[in-house]
Ligand code: FES
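Residue numbers (the numbering used here): 31 to 129.
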């Protein structure tokens, strides 16, 4: 399958695409965009924290130092660990700001 999903960053209204199976932050960076802050790209720094407002997704392992279980229930994820399963709307959630 070669679906592409549309990712909207509500803060700026910017939109980019993410291929099926790709991580949102990596897809964004490959398109030369910087709508979401880029850090380690490996789930360890929390720079790319976002809150998913709508859409379905899965995540790779995320550090509990940056995304607590309560955060995760509220849709907070690390964009470098985030793999969309539908179009997504996001909001930047900053490093360590909580829900
Ligand atoms: S860029 Fe470091 S956690 Fe995502």
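Glycine residues also receive a C-beta, built at the ideal position from the N, C-alpha and C atoms.
Query: Reduced DSSP category for residue 62 - H, G, I as helix; E, B as strand; rest coil; Result: coil
Query: Start-end ranges of the alpha helix (DSSP H) lying completely within the region 37-98, minimum 4 residues; Result: 54-60
Query: 8 Å Cβ cutoff met for residue 73 and residue 60; Result: no
Query: Residue 33, DSSP secondary structure in three states; Result: coil
Query: With 16 other Cβ atoms within 10 Å as the buried cut-off, status of residue 64; Result: exposed
Query: Check: residue 108 C-beta below 7 Å from any heavy atom of ligand 1; Result: yes
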